[in-house]
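Counting in our numbering, the sequence shown runs from 108 upward without gaps. Glycine included, every Cβ here is placed at the ideal spot set by N, Cα and C. Below is one structure, written out as structure tokens, with a few remarks after it.
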Amino acid sequence: MTDLTCHFLGQPLANPLMNASGVHCRTHAELDTLATSAAAAMVTKSCTLEPRTGNPEPRYRSLPLGSINSMGLPNEGYRYYLDYADRFDHEQKLLFLSISGLTLDDNVEMIAAIREAVNPALLEVNLSCPNVPGKPQTGYDFEAMDELLDEVNDAYKRPFGVKLPPYFDISHFDAAAEVLNRYPRLAFVTCINSVGNGLVIDPETESVVIKPKDGFGGLGGSYVLPTALANVNAFYRRCPDKQIIGCGGVQSGTEAFLHLLAGASLVQIGTALYEEGPAVFDRVLGELAAIMASKGYATIDEFRGKLKML
Ligand code: RRO
């Protein structure tokens, strides 16, 4: 029998799968369908202080190798997700609450309210929304990132995590990890958010395919798998006291296996969940179990983080 159980921050979980923030997690109804899915954990849509309708449509497009989006942080406001977390059955699944304040003060205000809540949801601070016009990604400004983490660390006394943008240079992996490692209570790192500001052009219509930001948007799906694996492994190596959540390009058991091999403790599904709905978790878990069985692995710990070098 293949055992898919794992641990996250000391908590046992039935399997390592969860949704990627933004997909199937904006409304209570969507969150409820995740709650009844085979995923062992789930995360809410990144939220702001007040509700937002987001960018004009079309703002998401499925593509042969993935997706492009410029949603613009549509969400119901943090109180809505906090309310969900307060009423959630935390025995059933691990719940993450993702926040993405438009300013440092907004983040601090949301954290102050979350701090008072009694529910055990895990806080994730999104440092990497690529789609709000005029708002650069905090994760690409190491000084701003340090300032924000310093505030979060002061305001919030429980373990928390961050969602990072993809990095593309070894010096940036080093610099980001150095900042993250200043904060021992920063217990997990989610890699990666979408690859920001891609441009997809339809040759037939000679047009961009999404409306906001002149067609520029975040890429997900197969386009980003090698970048996601690189970031997971880079932070797995550099942040030995933190757990890594892998996100990017998972559409079957094979990519989930690769994320685990690169060092991820949990694995998120975004574009494939959008395309297939929550049944994707059953399929990917079955495929992952079959891969493990074919390789003679009885547990995830036998191969997690054990990527081989040449
Ligand atoms: O809402 C979005 O446009 C969005 C967000 Br907050 C994010 O973190 N990543 C993304 O691809 N889209």
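Nearest-angstrom beta carbon gap, S153 and I206 [assumed within contact, 8 Å] | About 7 Å separates the beta carbons of I206 and S153, which is inside the 8 Å limit, making them a contact pair.
Evaluate contact between the segment 180-187 and the segment 146-164, counting only Cβ atoms and requiring at least three cross-stretch pairs below 8 Å.
-> The segment 180-187 vs the segment 146-164: in contact.
Any chance the CB of S329 is under 7 Å from a heavy atom of the ligand RRO?
-> The answer is no for S329.
Continuous beta strand (DSSP E) assignments of at least 3 residues falling wholly in the segment 263-294 = If one requires a minimum length of 3 residues, the beta strand (DSSP E) runs lying completely within the segment 263-294 are 267-271, in chain order.
Residue nearest to G327 in terms of C-alpha spacing, selected from G173, Y247 and S359 | It is G173 whose Cα lies nearest to the Cα of G327.
Please report the residue range of the beta strand (DSSP E) in which S401 lies.
-> Where S401 is concerned, there is no enclosing beta strand (DSSP E), although the alpha helix (DSSP H) it sits in stretches over V387 to K402.
Hey, out of C354, A341, F275 and D276, whose CA is closest to V150's CA?
-> It is C354 whose Cα lies nearest to the Cα of V150.
Within the present structure, is the beta-carbon of N176 separated from the nearest heavy atom of the ligand RRO by less than 7 Å?
-> The ligand RRO approaches N176 closely enough that one of its heavy atoms is under 7 Å from the residue's Cβ.
In angstroms, rounded to a whole number, what distance separates the CA positions of T112 and D261?
-> So the two alpha carbons sit approximately 33 Å from each other.
Where DSSP assigns a beta bridge to R166, which residues make up the other side?
-> Answer is none; R166 lacks a bridge partner.
Candidates D248, V239, G412 and T109: which alpha carbon is nearest N304's?
-> Among D248, V239, G412 and T109, the Cα nearest to that of N304 is on V239.
Could you tell me which residues DSSP pairs with M125 in its beta bridges?
-> Paired residue(s): Q375.
Going by Cα to Cα distance, which pick from Y263, G241, A146 and V315 is closest to N176?
-> Per the Cα distances, V315.
Taking 7 Å as the line, does the beta carbon of N126 fall inside it for any heavy atom of the ligand RRO?
-> No; taking the cut-off as 7 Å, the Cβ of N126 has no heavy atom of the ligand RRO nearer than that.
DSSP three-state assignment for T140, whether helix, strand or coil | In the structure shown, T140 falls within a helical segment according to DSSP collapsed to helix, strand and coil.
Just tell me which of Y188, N122 and Y167 has its CA closest to the CA of N137.
-> Sequence inspection shows Glu at residue 137; the Asn mentioned does not correspond to that position. Selected option, being the one with the closest Cα: Y188.
In terms of residue numbering, what span does the alpha helix (DSSP H) encompassing H366 cover?
-> Segment G360 to A369, the alpha helix (DSSP H) holding H366.
In chain order, each alpha helix (DSSP H) run of at least 4 residues that lies wholly inside the segment 200-268 | Runs of the alpha helix (DSSP H) inside the segment 200-268: 211-223 and 249-262.
Minimum C-alpha distance to A294 - residue among T109, D110, G117 and M108 = Selected option, being the one with the closest Cα: G117.
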